[in-house]
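Engineer: Using the working numbering, read the sequence shown as starting at -3 and increasing by one per residue.
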Amino acid sequence: MKLRELLRGVKTIEIDADPDAEIEGVAHDSRKVRPGYLFVCITGFRHDGHDFIPDAVSRGARIVLSEKRLPPMDGVGRVRVEDSREALAIIASNFWRNPSSKLKVIGITGTNGKTTTSYLIRSILSRSGLRPALIGTIRYELGDKLLPAPNTTPDPIELQRLMGEAIGLGLKSVVMEVSSHGLQLRRVDGVRFDVGVFSNLSRDHLDFHGTFESYREAKLRLFDLLKPDGKAVINADDPSADIFARRAALNGADVVRFGLRCGGADVTASDIRLSIAGTSFVLHTPSGDIEVDLKLPGEYNVYNAIAAAAAAAAMGIGVEAIKEGLEAVTSVPGRFERVDLGQGFGVIIDYAHTPDALERLLRAVRKLTEGRVISVFGCGGDRDKGKRPEMGRISAELADHTIVTSDNPRSEDPMEIIEQIVAGMPPGSSYEVIPDRFEAIGRAIRMARPGDCVVIAGKGHEDYQIIGDERIPFSDREAALEHLREVLRG
-3 MKLRELLRGV KTIEIDADPD AEIEGVAHDS RKVRPGYLFV CITGFRHDGH
47 DFIPDAVSRG ARIVLSEKRL PPMDGVGRVR VEDSREALAI IASNFWRNPS
97 SKLKVIGITG TNGKTTTSYL IRSILSRSGL RPALIGTIRY ELGDKLLPAP
147 NTTPDPIELQ RLMGEAIGLG LKSVVMEVSS HGLQLRRVDG VRFDVGVFSN
197 LSRDHLDFHG TFESYREAKL RLFDLLKPDG KAVINADDPS ADIFARRAAL
247 NGADVVRFGL RCGGADVTAS DIRLSIAGTS FVLHTPSGDI EVDLKLPGEY
297 NVYNAIAAAA AAAAMGIGVE AIKEGLEAVT SVPGRFERVD LGQGFGVIID
347 YAHTPDALER LLRAVRKLTE GRVISVFGCG GDRDKGKRPE MGRISAELAD
397 HTIVTSDNPR SEDPMEIIEQ IVAGMPPGSS YEVIPDRFEA IGRAIRMARP
447 GDCVVIAGKG HEDYQIIGDE RIPFSDREAA LEHLREVLRG
């Protein structure tokens, strides 16, 4: 592809390069540069891409794109831009010939519920002839091809490559979780969305965004990236609903609202019946009402279901296909995932790692449990410290007993994290501290009696613990299974 084609839509300051130069590929990691590549310098949190220009040139870079003014280089063109992250996203889209223009693209953003909502939407689209790819927290799925997901939202080059590959495989749509990091770091600036879904907003990632307002602004950016005929699907019950709806309307989008409590929602549910096996309700949409038997327990999964239904309705999908798609999802890895070997008490694995998610989870379990609720959780290291005492308070108030443990401590001392969690627990709370997560899970399972429920929160689908800079294999599910087998063997 010629350089002039790659730079279409990029805000350049100066170009010292042949616009007809043939570019063989694009990279922002100098180790991935090959002869004829365009190398994009990104100033990161640990490294500055400008420092790796000599390495990129030695590997054959034909063009270097940067924010900084560079000296002339023999045989290497230079392009200077205002924002190299934004430029990379647009260039990656151009290189893969703008795949989002050839696909139906649904993006889901919000603090909680993105993964489950994406699975539900994917299921509906699968039954509507819109063969979907899935890009999200658990993995990337292109038809039968499953790929690990190092980031919820991939970097722009990988993201555009995945969408281009989806087209090559004959897929018709993409369902994508869009994280606040992905939006803030402009990973999706080269994507245009048919539907943007806002699930909810509560405290998270303040270690990265600094303030709640900055976090919200990152989420709002999704609605700047809608196609001209795009639709915005907004949780009308969320306190930030009007802010998101106004942003979408400013961009010319039709707004579809869903909710359970706020009057005037376009998509809602009534006659909700909860059980440990799932949830049934009557779904109300602009095109009709229908009974749904959802296999996912908890009222918060009703929100996820009506969010998915609203997105589908915004795309013109009928209620029968919506019902079929919702009912086909039997579980989502690490989301209210039951571990059952016939032990007589519940064991639930869930990704809940924010105050709001933990509260929703424990309230849902409380409604479905006759006996005690035993909570096992920790908080991630090198992440928002302010949420730690709040999560301690929530667990102490909503669970009968809490075991505070480790959850990806990273560079922090696990006991310091635990002490900050415990500081939020009211006096007299029933809790204990077991830093070793495997042992904490074992303790909870061994103290459970028939009718109780053990809730293991924070990691969900993750199969590792991050200690220092090392990822150590660890799975809450496998740990629970190992302890359950020992208990059942007697």
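Think of the CB as a built atom: it goes at the ideal place given N, C-alpha and C, for glycine as much as any other residue.
Terminal residues of the continuous alpha helix (DSSP H) containing residue 319?
Structural biologist: Residue 319 -> alpha helix (DSSP H) spans 315 to 324.
Engineer: Can you find at least 3 beta carbon pairs, one from the stretch 389 to 402 and one from the stretch 353 to 371, that sit closer than 8 angstroms?
Structural biologist: With the cut-off at 8 angstroms, the stretch 389 to 402 and the stretch 353 to 371 touch.
Engineer: Can at least three beta-carbon pairs, one atom from the stretch 81 to 100 and one from the stretch -1 to 6, be found at a separation below 8 angstroms?
Structural biologist: The stretch 81 to 100 vs the stretch -1 to 6: in contact.
Engineer: Report the start-end ranges of each beta strand (DSSP E) in the stretch 164 to 241 that is 3 residues or longer and not cut off at the edges.
Structural biologist: Here the runs fully enclosed are 169 to 173, 189 to 194 and 222 to 231.
Engineer: So, are the CB atoms of residue 254 and residue 324 less than 9 angstroms apart?
Structural biologist: Not in contact: residue 254 and residue 324 (Cβ atoms no closer than 9 angstroms).
Engineer: Put residue 19 into one of helix, strand or coil per three-state DSSP.
Structural biologist: Coil.
Engineer: Under 8 angstroms by Cβ, that's how I've got residue 227 and residue 250 pegged, so tell me the actual separation to the nearest angstrom.
Structural biologist: The Cβ separation is near 5 angstroms, so the contact holds.
Engineer: For residue 392, tell me which candidate among 366, 94 and 362 has the shortest Cα-Cα distance.
Structural biologist: The shortest C-alpha separation from residue 392 is found at 362.
Engineer: For the beta strand (DSSP E) that contains residue 33, what are its first and last residues?
Structural biologist: Its beta strand (DSSP E) spans residues 33 to 36.
Engineer: Which residues bound the alpha helix (DSSP H) around residue 399?
Structural biologist: Premise fails: residue 399 lies in the beta strand (DSSP E), 397 to 400, not in any alpha helix (DSSP H).
Engineer: My guess is that residue 12 and residue 73 are in contact by the Cβ rule of under 8 angstroms, so how many angstroms apart are they, rounded?
Structural biologist: Right, the Cβ-Cβ distance comes to about 6 angstroms (below 8 angstroms), so this counts as a contact.
Engineer: Three-state secondary structure (DSSP) at residue 252?
Structural biologist: Of the three classes helix, strand and coil, the one that applies to residue 252 here is strand, per DSSP.
Engineer: Taking the runs of the alpha helix (DSSP H) that are 4 residues or longer, which of them lie wholly in the stretch 31 to 82?
Structural biologist: 49 to 54, all fully within the stretch 31 to 82.
Engineer: Report the residue from 343, 375 and 353 whose alpha carbon sits nearest the alpha carbon of residue 365.
Structural biologist: The residue with the shortest Cα to Cα distance from residue 365 is 343.
Engineer: Residues in its own chain within less than 8 angstroms of residue 169 by CB, not counting five upstream and five downstream?
Structural biologist: Closer than 8 angstroms at the Cβ level, and outside the excluded window around residue 169, lie 99, 100, 101, 102, 121, 126, 127, 128 and 129.
Engineer: With a threshold of 8 angstroms, are at least 3 pairs of Cβ atoms found where one atom belongs to the stretch 272 to 287 and the other to the stretch 302 to 318?
Structural biologist: Enough Cβ pairs lie closer than 8 angstroms, so yes.
Engineer: Have a look at residue 179 and residue 192 and give me their C-alpha separation to the nearest angstrom.
Structural biologist: Their backbone Cα atoms lie some 13 angstroms apart in a straight line.
Engineer: Between residue 173 and residue 110, how many whole angstroms is the CB-CB distance? I'm expecting something under 8 angstroms.
Structural biologist: Rounded, the Cβ-Cβ distance is 4 angstroms, consistent with contact.
Engineer: Do residue 218 and residue 248 have their CB atoms nearer than 9 angstroms?
Structural biologist: No, the pair does not count as a contact, with Cβ atoms beyond the cut-off.
Engineer: Could you check what DSSP says for residue 373 in three-state terms: helix, strand or coil?
Structural biologist: Reduced to three states, the DSSP call for residue 373 is strand.
Engineer: For residue -3, which residues of its own chain have a beta-carbon under 8 angstroms away from its beta-carbon, when the five flanking residues on both sides are left out?
Structural biologist: Cβ within range, chain order: 18, 19, 90 and 91.
Engineer: For residue 410, which option in 424, 395, 394 and 433 has the closest C-alpha, if you only look at C-alpha atoms?
Structural biologist: Per the Cα distances, 433.
Engineer: What first and last residue would you give for the alpha helix (DSSP H) that runs through residue 483?
Structural biologist: Per DSSP, residue 483 belongs to the alpha helix (DSSP H) from 472 to 485.
Engineer: In its own chain, which residues sit with a C-beta less than 8 angstroms from the C-beta of residue 337, not counting the 5 before and 5 after it?
Structural biologist: The residues are 477, 480, 481 and 484.
Engineer: Sort out for me which residues DSSP pairs residue 274 with in a bridge.
Structural biologist: In the DSSP output, where bridge partners are listed per residue, residue 274 has 271.
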